[in-house]
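When we follow this note's numbering, the leftmost residue of the sequence shown carries the number 560, and every step to the right adds one.
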Amino acid sequence: MSHRSTLIGVGTYLPERIVSNTELAERVDTSDQWIRERTGIAQRHLAAPHETAAFMATAAARAALRHAEIDPGEVDAILLATSTPDQAFPATAVRVQAALGLTRGFAFDLSAACSGFIYALSVADSLIRTGQVRTVLVIGAEVFSRLLDWSDRATCVLFGDGAGAVVLRAGPADGRGILSTHLHSEGSTGDLLYVDGAIGRPETSGFLRMNGREIFRHAVAKLAGAVDEALAANGLGYDDVDWLVPHQANKRIIDAMGKKLGLPPERVVVTVDRHANTSAASIPLAFAEAVHDGRIGAGDLVLMEALGGGLTWGSALLRM
Ligand code: UT7
560 MSHRSTLIGV GTYLPERIVS NTELAERVDT SDQWIRERTG IAQRHLAAPH ETAAFMATAA
620 ARAALRHAEI DPGEVDAILL ATSTPDQAFP ATAVRVQAAL GLTRGFAFDL SAACSGFIYA
680 LSVADSLIRT GQVRTVLVIG AEVFSRLLDW SDRATCVLFG DGAGAVVLRA GPADGRGILS
740 THLHSEGSTG DLLYVDGAIG RPETSGFLRM NGREIFRHAV AKLAGAVDEA LAANGLGYDD
800 VDWLVPHQAN KRIIDAMGKK LGLPPERVVV TVDRHANTSA ASIPLAFAEA VHDGRIGAGD
860 LVLMEALGGG LTWGSALLRM
């Protein structure tokens with residue numbers, strides 16, 4: 560029997576500390592007005608030392624399992640998208656596995672920068688469709704605050720920390736579940752957004768570097784293509800989309816995608832104002848918020864899209 564990956568739970572974790580634009584303007588030469596107008600960001604959550612990727616991922620995973628009303632012991636695999644793991648290895652995902660008390664199955668990290676959650680969703684969906692697993696935790700968890708050069712106003716105002724998780728389970732092919740995922744990367748553009756650092760290279764800074772203007776240009780073009788690709792693959796049109804849950808990097812990019820799809824603003828899930836850009840965590844954080852508050856419900860068609868360092872980009876279509 561063929562299986563579809565159905566969504567049975569969502570969960571989130573955000574660090575307790577909230578930092579406003581005005582507070583940042585005390586540290587670097589910026590203003591609340593510039594940040595709001597150019598990005599839509601008003602505040603971000605920043606992690607305390609104990610709020611690592613594993614800590615936040617575990618909290619989000621527990622919340623998602625509670626929401627799914629299943630026992631952690633039912634999880635067959637944990638896929639964790641992150642560019643800010645606690646350690647080079649073991650994978651942050653196995654730390655989560657241990658923290659959840661799981662003694663079977665497997666867990667691994669996946670690195671695709673801001674597209675990480677779409678990539679992890681795609682791999683999880685393949686594992687379910689091929690019958691290798693029944694229940695999967697897919698998590699995006701990031702502490703980008705540890706990668707930022709806090710003297711660089713062009714980047715430090717853009718990012719925040721957090722984690723979001725979903726539980727997928729094999730279900731009947733009855734029209735619900737993940738319809739398709741579409742992944743892309745273009746290594747030749749790797750230097751547009753990267754971290755200047757690696758283990759054993761103390762001469763590097765370890766800071767995030769970004770050509771914002773170029774990334775913006777690529778994002779608008781490549782995400783438009785990814786959205787069209789997802790709909791065409793399923794014989795669907797813009798009118799069929801109930802919700803857009805985009806990566807939350809910049810409100811102007813989000814608005815451009817909503818406009819392209821002809822969606823009214825209230826059908827586009829936006830968290831960038833409160834979370835800033837949480838990289839691989841941004842889509843599950845936004846998605847979970849809209850599921851919990853009842854906006855996204857049974858039968859809705861949800862379109863997700865993201866672009867990030869790599870460049871990597873992709874999309875996913877999900878019928879609730
Ligand atoms: O998640 C991964 C994908 N990332 C993205 O999708 C990010 C895509 N890029 C963007 O969102 C935007 O390009 C940014 C928000 C990063 C920048 O916005 P922009 O409208 O492209 O600004 P810009 O880089 O062209 O800079 C415009 C001006 C510059 O000053 P001059 O050269 O015109 O005098 C910057 O120095 O704004 C200045 N600027 C700032 N001013 C006040 C840059 N950062 C700041 C700041 N506060 N924080």
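Don't be surprised by glycine CBs; every beta carbon is placed ideally from N, CA and C.
- Taking 3 residues as the shortest admissible run, the region 686–748 contains the following complete beta strand (DSSP E) segments, listed from N- to C-terminal end: 694–702, 720–731, 736–744.
- Going by DSSP, residue 624 is part of the alpha helix (DSSP H) stretching over 612–627.
- DSSP, reduced to helix, strand and coil, places residue 816 within a helical segment of the structure shown.
- Separation of the CB atoms of residue 726 and residue 696 is rounded to 6 Å, and the pair is thereby assigned contact status at 8 Å.
- Excluding residues up to 5 positions away in sequence, 713 lie with their Cβ nearer than 7 Å to the Cβ of residue 771 in the same chain.
- The distance from the Cβ of residue 810 to that of residue 598 is about 6 Å, consistent with a contact at the 8 Å cut-off.
- For residue 870, the closest C-alpha among the options 860, 877, 673 is that of 673.
- Per DSSP, residue 807 lies in no beta strand (DSSP E) segment and is marked neither H nor E.
- Its Cα nearest to that of residue 766, the residue 755 stands out among 775, 755, 759.
- For a cut-off of 8 Å, the C-beta gap from residue 659 to residue 620 is around 6 Å, short enough to register as a contact.
- A direct Cα-to-Cα measurement between residue 774 and residue 592 gives close to 22 Å.
- With a cut-off of 8 Å, the C-beta of residue 662 is classified as distant from the ligand UT7, since no heavy atom of the ligand falls inside that distance.
- When the five nearest sequence neighbours on each side are left out, the beta carbons in the same chain lying within less than 7 Å of the beta carbon of residue 668 are those of 639, 641, 644, 650, 651, 652, in order along the chain.
- For residue 564, the enclosing beta strand (DSSP E) stretches over residues 562–572.
- Residue 706 has its CB no nearer than 8 Å to any heavy atom of the ligand UT7.
- As a beta-bridge residue in DSSP terms, residue 578 pairs with 603.
- In the three-state scheme derived from DSSP, where H, G and I count as helix and E and B as strand, residue 878 is classed as strand.
- DSSP, reduced to helix, strand and coil, places residue 871 within a strand of the structure shown.
- Per the coordinates, the alpha-carbon of residue 812 lies some 42 Å from the alpha-carbon of residue 662.
- Looking from the CA of residue 656, the closest CA among 675, 670, 636, 648 belongs to 636.
- Counting every other CB atom within 10 Å of its CB across the protein chains shown gives residue 654 a total of 16 or more, marking it as buried.
- Note on residue 603: 16 or more other CB atoms within 10 angstroms of its CB, so buried under the neighbour-count rule.
- DSSP, reduced to helix, strand and coil, places residue 758 outside both helices and strands of the structure shown, so it counts as coil.
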